[in-house]
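Quick note on our numbering: the sequence shown kicks off at 1434 and runs consecutively. Glycine included, every Cβ here is placed at the ideal spot set by N, Cα and C. Fair warning: this is a prediction, and the values are worked out from it, not measured in the lab. Working notes, structure below.
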Amino acid sequence: MQAVSGAGLLYVIIPEESSVHLRGKIQSVSPWAGFGVELLLTVAVMLTVLMCTEKGHTIVDRAASVVFGQVVAACHLFAYPITGCGINPARVFGPALVEHQWTDHWVYWFGPIFGALLATGIYHVANNFPVTSADELVIIGKELHGKAESAKRPDYQGELPQSCDIQTQTPSELKTTV
1434 MQAVSGAGLL YVIIPEESSV HLRGKIQSVS PWAGFGVELL LTVAVMLTVL MCTEKGHTIV
1494 DRAASVVFGQ VVAACHLFAY PITGCGINPA RVFGPALVEH QWTDHWVYWF GPIFGALLAT
1554 GIYHVANNFP VTSADELVII GKELHGKAES AKRPDYQGEL PQSCDIQTQT PSELKTTV
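Here it is in structure tokens:
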């Protein structure tokens, strides 16, 4: 509702020759390239929101609004000349409704929707990756390497660790078991 009323107010105040800046309009690329731009920028914005709102980021917690503002500003600086930088379907809907400009409007809906879905998928995979530290990655790599070596050489007599409690052992203790 605010996007429609804001676009209507600007449509009345700003002369018609300047109103081209109100609407999202793909200016220099194909609609599919515009879709890609909107998708990638929405991924950037959504990943920023997801990472800034996650608990435990003490550095980002204090400056989350600054980080988010910088990402949105960077997206607008990059995409405004290309697609008008919709990023949010509601932002483009108001001007499109006021000016009855629906050409390639699907770009501003499907780009951000699929971008948000892709960002949440990336965030989920990144946060649920089984390795939580560099030390743990080294340990897992050594365990896998040892198992691969024993599988190649039937005469291998070395004993592989049967279990590894990552929650209670420190990285140095884990290295001695491997």
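Note down the Cα distance separating Leu1443 from Ala1436, rounded to an integer number of angstroms. So the alpha carbons of these two residues sit roughly 10 Å apart.
Please look up how many angstroms separate the CB atoms of Gly1548 and Met1479, rounded, as I've assumed it's under 8 Å. A Cβ-Cβ separation of about 7 Å places Gly1548 in contact with Met1479 under the 8 Å criterion.
Can you say whether Thr1486 is buried or exposed, counting buried as having 16 or more other CB atoms within 10 angstroms of its CB? Answer is exposed; the Cβ neighbour count stays below 16.
Given a threshold of 16 other Cβ atoms within 10 Å of its Cβ, counted over all protein chains shown, does Val1558 qualify as buried or as exposed? Of the other Cβ atoms in all chains shown, fewer than 16 fall within 10 Å of the Cβ of Val1558; this residue is therefore exposed.
Can you give the Cα-Cα distance for Gly1554 and Gly1469, rounded to whole angstroms? One C-alpha to the other measures close to 17 Å.
Provide the residue span of the alpha helix (DSSP H) that contains Ser1438, from first to last. Its alpha helix (DSSP H) spans residues 1435-1446.
Tell me whether the region 1522-1539 and the region 1496-1511 touch, counting them as touching only if at least three CB pairs, one residue from each stretch, are closer than 8 Å. Inter-segment contact for the region 1522-1539 and the region 1496-1511 is absent: fewer than three beta-carbon pairs are separated by less than 8 Å.
Grab the span of the alpha helix (DSSP H) containing Phe1543 for me, first residue to last. For Phe1543, the enclosing alpha helix (DSSP H) starts and ends at 1539-1560.
Secondary structure at His1509, three-state DSSP: helix, strand or coil? The three-state reading of DSSP puts His1509 in helix, counting H, G and I together.
DSSP-derived helix/strand/coil call for Cys1518: In the structure shown, Cys1518 sits in coil (DSSP, three-state: anything other than H, G, I, E or B).
Give me the residue from Phe1562, Val1540, Ser1463 with the minimum Cα distance to Leu1472. Put simply, of Phe1562, Val1540, Ser1463 the residue whose alpha carbon is nearest the alpha carbon of Leu1472 is Val1540.
With distances taken from CA atoms, which of Tyr1556, Trp1535, Leu1530 is nearest Gly1439? Looking at the Cα atoms, Leu1530 is the closest of the given residues.
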